[in-house]
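Novice: Residue numbers (the numbering used here), protein chains in the order written: chain A, 93 to 348; chain B, 93 to 348.
Glycine residues also receive a C-beta, built at the ideal position from the N, C-alpha and C atoms.
Protein chains: 2
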Amino acid sequence: MTTDTPTDTPQDLPQRAMRTHETRANTLNGAAPTPGAFERADRPAVTVDVVILTVRTGRLEVLLVRRDHAPFAGMWGFPGGLVRPDESLEDAALRELRQETGASGADVYLEQLYTFGEPARDPRTRVITVVYYVLERPGQIHTRAPGSDGGAEAQLFPAYDTPPLAFDHGDILRYTLQRLRGKLEYTTIGFQLLPPEFTLSELQEVYEAILNRPLDKRNFRKKLLITRIVEPTQRMKMVGQHRPARLYRFNPKASA
Amino acid sequence: MTTDTPTDTPQDLPQRAMRTHETRANTLNGAAPTPGAFERADRPAVTVDVVILTVRTGRLEVLLVRRDHAPFAGMWGFPGGLVRPDESLEDAALRELRQETGASGADVYLEQLYTFGEPARDPRTRVITVVYYVLERPGQIHTRAPGSDGGAEAQLFPAYDTPPLAFDHGDILRYTLQRLRGKLEYTTIGFQLLPPEFTLSELQEVYEAILNRPLDKRNFRKKLLITRIVEPTQRMKMVGQHRPARLYRFNPKASA
DNA sequence: CCAATAGTGTCTTTGAGACAATATATG
DNA sequence: CATATATTGTCTCAAAGACACTATTGG
């Protein structure tokens, strides 16, 4: 993951003779007079993988696709695919998102997570993957049953309790959850998992699902209301045989 | 930069006919029965760029290389180059670091920053660059004068006041400094810019150089000593006609 | 009236930030 | 003793966290 500690004594790499000049000739910045020079170089495949998250029934869930080919056939992994020559990395991520969920991709939270490029992470060939994660509001994800013809089987799993994942996707998921927990505390990222109007209990449910621990109701509400991050609407949510809950909306003006 | 806000209404991408199946055939996860399928696909070039930072005379400085070829000939930019087929991204970054600074690469702080891949960011061809940043202790960087034969001219510039940079390197530098300021507050990253033993004034200088603003001396020391992040040595630094300063060392055991 | 969820306030502790005077070395 | 930097403590305020009872609805 992110090198949060100093790189500990990196081993020397094998170097060929005439290191400096040879290296420069292989360098875009060092500029080959013949522009075709780097075209012929061995190039890694570049893919985008997308970790799609949502909260359902008070639980954080992640969309996984069942692989029907080697390597890792039968295992689950993230949707992903090659970046096309003329699309940006973010566009590629949105394309994968639309393809796997049927969602429009509008109004989702999309953030680049990290780029994974260990030479052996894909046994077939060198693949460098740029990973994005996505937060979807409830009900936006349409999964695919096994045997359906829209593509491979796709399903939501509890994000903190998935089956073993293909490639290095287990590491990637752990890192995603870590990033998400961190951002929850100093950003308003949590609102991306709720509809425009929500009760404070629903919001707390989202926070608890991500942090994977219970929060105190009074402290939670106090903080939200003092910082004016949410503002009450005139509407109530009345379901079940108990006191109705006020609906709130996110207030983008309150920064903290 | 990092998409810190929701992606606002991403425009639809042009889609070719037979979208789903066609796309799958172009997908590593979707697994071509003929492994050569994706080998022939158009592949972007993948480079690593390295933002090398150090603190010199109380100022945060960044190493820049003068470009002697188009595009952006004569402008300054970060060291960087193509990732080789058998090296990891981090190894590629360390190789660039060694090449440009003569530093061993041991004992530096190296962290992946972000991956930039806008299709037009390099006018020659599609280039996706994985950016790392590096924190070097003082005196580890050997710059190159113009006309020297070790490679292109390389020089340290004030990180908050550089000449205009090639490509999107100006954006990259701004983002690096933002990341660095952020991490300074909740990690011990700052010690990577100092020798093993240092005075508290020197440490404060590093913090002020990165944050680009003065800090209160008493509050700064109080926090460090209470949290036990630094511990005193028996040695003093005696230079100049004034009171000597105690030398401290970083205490990795104190987490906060 | 029972069940179920919504809603509310106080106290303590901790950390951040503003602020100024004394100590110790050299020349 | 003049100069330059090192070193030290108090007060205030804000935010975080522990903690329990009342309110309102439907059946």
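(1) Determine, using beta carbons only, whether residue 270 (chain B) comes closer than 8 angstroms to chain A.
(2) Could you name each continuous beta strand (DSSP E) segment of 3 residues or more that falls completely within the stretch 241 to 282 of chain A, going from the start of the chain to the end?
(3) Could you tell me the alpha carbon to alpha carbon distance between residue 117 (chain B) and residue 182 (chain A), rounded to whole angstroms?
(4) How about residue 137 (chain B): is its C-beta nearer than 8 angstroms to some C-beta of chain A?
(5) Is residue 345 (chain B) helix, strand or coil by DSSP?
(6) Can you have a look at residue 107 (chain B) and say buried or exposed, based on whether 16 or more other CB atoms are within 10 angstroms of its CB?
(7) Could you tell me whether the Cβ of residue 207 (chain B) comes closer than 8 angstroms to any Cβ of chain A?
(8) Using alpha carbons as the reference points, say which of B:204, B:223, B:305 lies closest to residue 141 (chain B).
(9) Expressed to the nearest angstrom, what Euclidean distance is found between the alpha-carbon atoms of residue 311 (chain B) and residue 300 (chain B)?
(10) Among the residues of its own chain, which have a CB less than 8 angstroms from the CB of residue 289 (chain A), if the five just before and after it don't count?
(11) Going along the chain, which unbroken runs of the alpha helix (DSSP H) with 4 or more residues stay wholly within the stretch 170 to 213 of chain B?
(12) Against chain A, does residue 47 (chain B) count as a neighbour if the rule is that its beta carbon must be under 8 angstroms from one of theirs?
(13) Could you compute how far the alpha carbon of residue 282 (chain A) sits from the alpha carbon of residue 136 (chain A)?
(14) Does residue 247 (chain A) come within less than 8 angstroms of chain B when only Cβ atoms are used?
(15) What is the residue span of the alpha helix (DSSP H) that residue 323 (chain A) lies within?
(16) Residues bridged to residue 290 (chain B) by DSSP?
(17) If the cut is a Cβ gap below 8 angstroms, which residues of chain B does residue 222 (chain A) touch?
(18) Using DSSP bridges, identify the partner residues of residue 226 (chain A).
(19) Does residue 134 (chain B) have its Cβ less than 8 angstroms from a Cβ in chain A?
(20) Just the chain B side, please: which residues come within less than 9 angstroms of residue 181 (chain A) by C-beta, in chain order?
(21) Does residue 204 (chain A) get closer than 8 angstroms to chain B when you measure Cβ to Cβ?
(22) Contact defined as beta carbons within less than 8 angstroms: I believe residue 193 (chain B) pairs with residue 161 (chain B). What is the distance between those atoms, to the nearest angstrom?
(23) Any contact of the stretch 252 to 262 of chain A with the stretch 258 to 274 of chain B, i.e. 3+ C-beta pairs under 8 angstroms?
(24) What are the start and end residues of the alpha helix (DSSP H) that includes residue 310 (chain B)?
Specialist: With the given structure in hand:
(1) no
(2) 246 to 250
(3) Residue confidence for residue 117 (chain B) is low, a pLDDT of 36 falling below 50, so the modelled location carries little weight and cannot support an answer.
(4) yes
(5) coil
(6) Only weak support is given to the placement of residue 107 (chain B): the predicted model assigns it a pLDDT of 26, under 50, and the question is left unresolved by the model.
(7) yes
(8) B:223
(9) 13 angstroms
(10) 325, 327, 339, 340, 341
(11) 181 to 193
(12) There is no way to answer for residue 47 (chain B), as the model of chain B reaches only from 93 to 348.
(13) 36 angstroms
(14) no
(15) Here residue 323 (chain A) belongs to no alpha helix (DSSP H); instead the beta strand (DSSP E) covers 322 to 329.
(16) B:340
(17) 207, 209, 220
(18) A:144, A:202
(19) yes
(20) 207, 208, 209, 210, 220
(21) yes
(22) Contact flag wrong, Cβ pair sits at about 21 angstroms.
(23) no
(24) 309 to 318
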